[in-house]
Amino acid sequence: MSVTVIKDLAKAATERRDVVTIDSLANGEGRYYRHPDSVEISYPLVVGTRIGQLQRIVGEVNIAIIGAGPAGIASLYELRRALPDLGTMPQPGYKLNVTLFETDSQNFLFASNSNRRRAGRVSSQRVPNAVYEIGAMRFPSIAGLTWHYARAAFGGAHVVNPFPNPGTIPTEFVFGSQTDRYLGDNWQNMNSPTRMVRNLVLEGLAGIGGPSLYLIGNRSAAAVIPLLKSANTPASELQQIGRDWAAFVKDHDGTTLEAAVRHILTKLGGRLPSVSGLTGQQLINWCVELFGRFGFGTGGFKPLFNISLVEMMRLILWDYSNEYTFPSSLAPTNVDFIEALYRQANSGGSIFNVQVVQARVSDVFHQDNPRRAGVAYYRPNTSSVEFSTFDYAIIAMPHDAAAQITSRLGYGTTAGSGVLIGDSGTARNPGFAVRPSLLLSTTTGQDAVNARPVTAIGMLHMTRSSKIFATITEANATGAPVPHFPMQGSPISAVISDSGLAATYMVPSTTNPGSYRSFLVSYTWDDDSTRLQHSFANWPESAEPPRNGEMFGAMINRAYRTDPHAPGSKWWLGQLLTKVIQTDRVSFDWSTYLTAGGFKLDSTGDHHQSSLCFRYHTHALYPALNSRFFLAGCSFSHLGGWLEGAFMTAANAVAGIILLDNNGNLESLNSEARKLFTTLTPIIPMN
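In UniProt numbering, the protein residues as written are 1 to 687.
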């Protein structure tokens, strides 16, 4: 399955044939898009010029970034651009020092030549004839900030490749006795119940093809989308959308996606498809479950039916037709994108110094007097905790990891002396009084205020996600028994099914196209990931042959079933799975990767936690508080799991540092960056 939401499959299938460059994407609809939770802010414009300028021009400024994933590297890039203009203010001895902490030995900073490399959730593995993108597999056309940074990393003239999402290529869908083959809006059965249910849900949720049952103010999502994407939408109109969105959140943060889908299909029950033997409530139940497996045609949401309607509506409003990947000549793996951005960031000359420290950060805190950001960490293979302090620090980690390092020192509003910092048995006193890291109050008795951001981080919802890869030859991927649709020469290359595999993709190899395909055999979420266990509690965790043989055998057995198109014979997908190159099988489960986790999606009631984290940088409006930490990462955005969310929060964090360094003077920021503070509700006071 996938959280990809493509509402117009026909348009997506057609646009796949277009020549698309990084420039065209960076200058396209995503350049002006405003997300509903930050409806007056176009983030690509925020970073179109440098966000602002650090005030201090004498001595050395020291900043820590904890985490070298997309958010950390984008933060580094923007900090370099924030260097003071020393051409007009020469100050001998000035230097901006950035210390980049990263614990993952497979991060690109340390694993330059290994087959598996990571940059946070961006994770790539090479096998002899393909590359498996284990995390951050593809990038939506609407992700303007992502394409802005791609242009910064590579230049804009390069042509990118459309990703073969289900529905944009010949696809087969299997749900019980219901089977379909389709490409765009070309269906084997144009009166298919699947197509009818999809269109009814699109109508009820988004107002496409009929009136929406879930309006944002007095507008459908379909009517709001062009206003969010247009460069010319008046500020007053955007502000009204912001008020309408706040009301929508209030009304529907407690509504699950399943409840909304069921309401739509019940309300529009007179237009449900006719299914022999099913009537009344059983027909509604069948249609709800069918949508749960099919979704909008790119994969179903059944394992995510408990996410909030608010979260689903965000994905609907983030309107795009296709997703893209980089050509192998430009970026052999997606990790190379983040590495290229790092090279650009690490080019600040003699006044910009980057120090990389491989270490596990155990605690973060404030040194009290003078107030500085403190970091406690352990280098590899040591049990001795070290302490460093900085002028500012950015926590650029997924929320599971961030919750651990921010919670251990309590939430007191007064400085504590004699505090032991570090792990049990190795902790020691740093030699100075300390305060909590996510400091929002120094008023006696307001410990709950300081606890609030930490508990919010701890309550963010992480969905599990698993991927199982193999390599298959082009001949096997296109030859018998693979069916073709809509005509001979168009082999089925994606499958959505209830077999336990969820979504299956056959992606042309980036390293050996025409001869091999990267076979993403199974892409699952939450409960579907749990079902991949071949025995109780035996996860498909980062397994390579021969260790994953039993699990892969179980997957083949699940697909070894009656062919719904040819009763009496076995399904072609099960036969195809036996033809993969067994030595190149790889499985990975993000829920067992403790420093990252899966994909952050808001369940009901989670909006307020995400909103607080997203707005955490606004404490810089109150320089008297002197709180020196900032948050960055997709976990702290409203687009958890996408690079876009990571990049947005990096801009927030760097803007916060610049503002605080300039004693809260908004004029230190460019005009678009000021909106990060003037149009978002400040986190202080907490009311």
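The beta-carbon is built from N, C-alpha and C at its ideal position, and this holds for glycine as well.
Proximity to Gly-297 across Gly-207, His-366, Phe-173 and Thr-443 peaks at Phe-173, based on C-alpha coordinates. Looking at the DSSP output, Gly-135 sits in a beta bridge with Ser-123. In this model, Ala-222 and Ala-206 are separated by some 5 angstroms (Cα to Cα). Inclusion of Val-375 and Ser-388 in the CB contact set at 7 angstroms is warranted, their separation being smaller than that value. Shown here for Glu-339: same chain residues with a beta carbon closer than 6 angstroms to its own, the five before and five after excluded, namely Phe-108 in chain order.
7 angstroms or more divides the Cβ of Val-654 from the Cβ of Ile-66. Of the residues Ile-683, Thr-562, Pro-226 and Asn-346, the one whose Cα lies closest to the Cα of Thr-99 is Asn-346.
Around the beta carbon of Asn-285, fewer than 16 other beta carbons sit within 10 angstroms, so the residue counts as exposed.
For the pair Phe-101 and Leu-330, the CB atoms are not nearer than the 7 angstroms cut-off.
For Asn-369, the closest alpha carbon among the candidates Lys-229, Lys-600, Gly-416 and His-484 is that of Gly-416.
Gly-412 sits in coil when the DSSP states are folded into three classes, being neither helix nor strand.
Remark: C-beta atoms of Trp-571 and Arg-561 approach each other more closely than 7 angstroms. Closest option to Phe-647, judged by alpha-carbon separation, among Gly-431, Asp-180 and Leu-631: Leu-631. Less than 7 angstroms divides the Cβ of Lys-467 from the Cβ of Phe-588. The three-state secondary structure of Pro-453, taken from DSSP, is helix. In this structure, Asp-528 and Ala-502 form a Cβ contact; the two beta carbons are roughly 5 angstroms apart against a cut-off of 8 angstroms. A distance below 7 angstroms between beta-carbons, with the five flanking residues on each side excluded, links Gln-178 to the following residues of its chain, in chain order: Pro-193, Thr-194 and Leu-290. Exposed is the label assigned to Thr-444, since fewer than 16 other Cβ atoms lie within 10 Å of its Cβ. The three-state secondary structure of Asn-161, taken from DSSP, is strand. By a beta-carbon distance limit of 8 angstroms, Pro-162 contacts Tyr-324. Their separation comes to about 6 angstroms.
Here the alpha carbon of Val-364 sits roughly 7 angstroms from the alpha carbon of Ala-373.
Residues Gln-106 and Gln-125 of the same chain have their beta carbon placed closer than 6 angstroms to that of Arg-116, with the five preceding and five following residues left out of the count. When secondary structure is reduced to three states using DSSP, Val-361 falls in the strand class. Ranked by Cα distance from Arg-531, the options Arg-464, Gly-568 and Ile-351 are led by Arg-464.
Apart from sequence neighbours up to five positions away, the residues of its chain that approach Ala-10 with a beta-carbon distance below 7 angstroms are Gly-184 and Asp-185, ordered along the chain. With a cutoff of 7 angstroms on beta-carbon distance, Ala-393 and Phe-629 are scored as near each other.
Straight through space, the alpha carbons of Gly-144 and Asp-23 are spaced by roughly 10 angstroms.
Here the alpha carbons of Leu-438 and Tyr-377 stand approximately 18 angstroms from one another. According to the DSSP assignment, Asp-18 belongs to no beta strand (DSSP E), since it is labelled neither H nor E. Of the candidates Asp-606, Asn-662 and Pro-623, the residue whose Cα lies closest to the Cα of Phe-636 is Asp-606.
Taken through DSSP and simplified to helix, strand or coil, Asp-400 comes out as helix. Contact between Tyr-32 and Ser-141 does not hold, since their C-beta atoms are separated by about 14 angstroms, which reaches or exceeds 8 angstroms. Taking a 10 Å sphere around the C-beta of Asp-18, we find fewer than 16 other C-beta atoms and assign the residue as exposed. Within the stretch 301-372, the runs of beta strand (DSSP E) that reach at least 3 residues and sit entirely inside it are, in chain order, 323-325, 352-358 and 360-367.
When C-alpha distances from Ile-57 are compared across Gly-633, Ile-658, Gly-176 and Met-190, the shortest belongs to Ile-658. Short of 6 angstroms from the beta carbon of Met-686, and not among the five residues preceding or following it, lie these beta carbons of its own chain, in chain order: Val-449.
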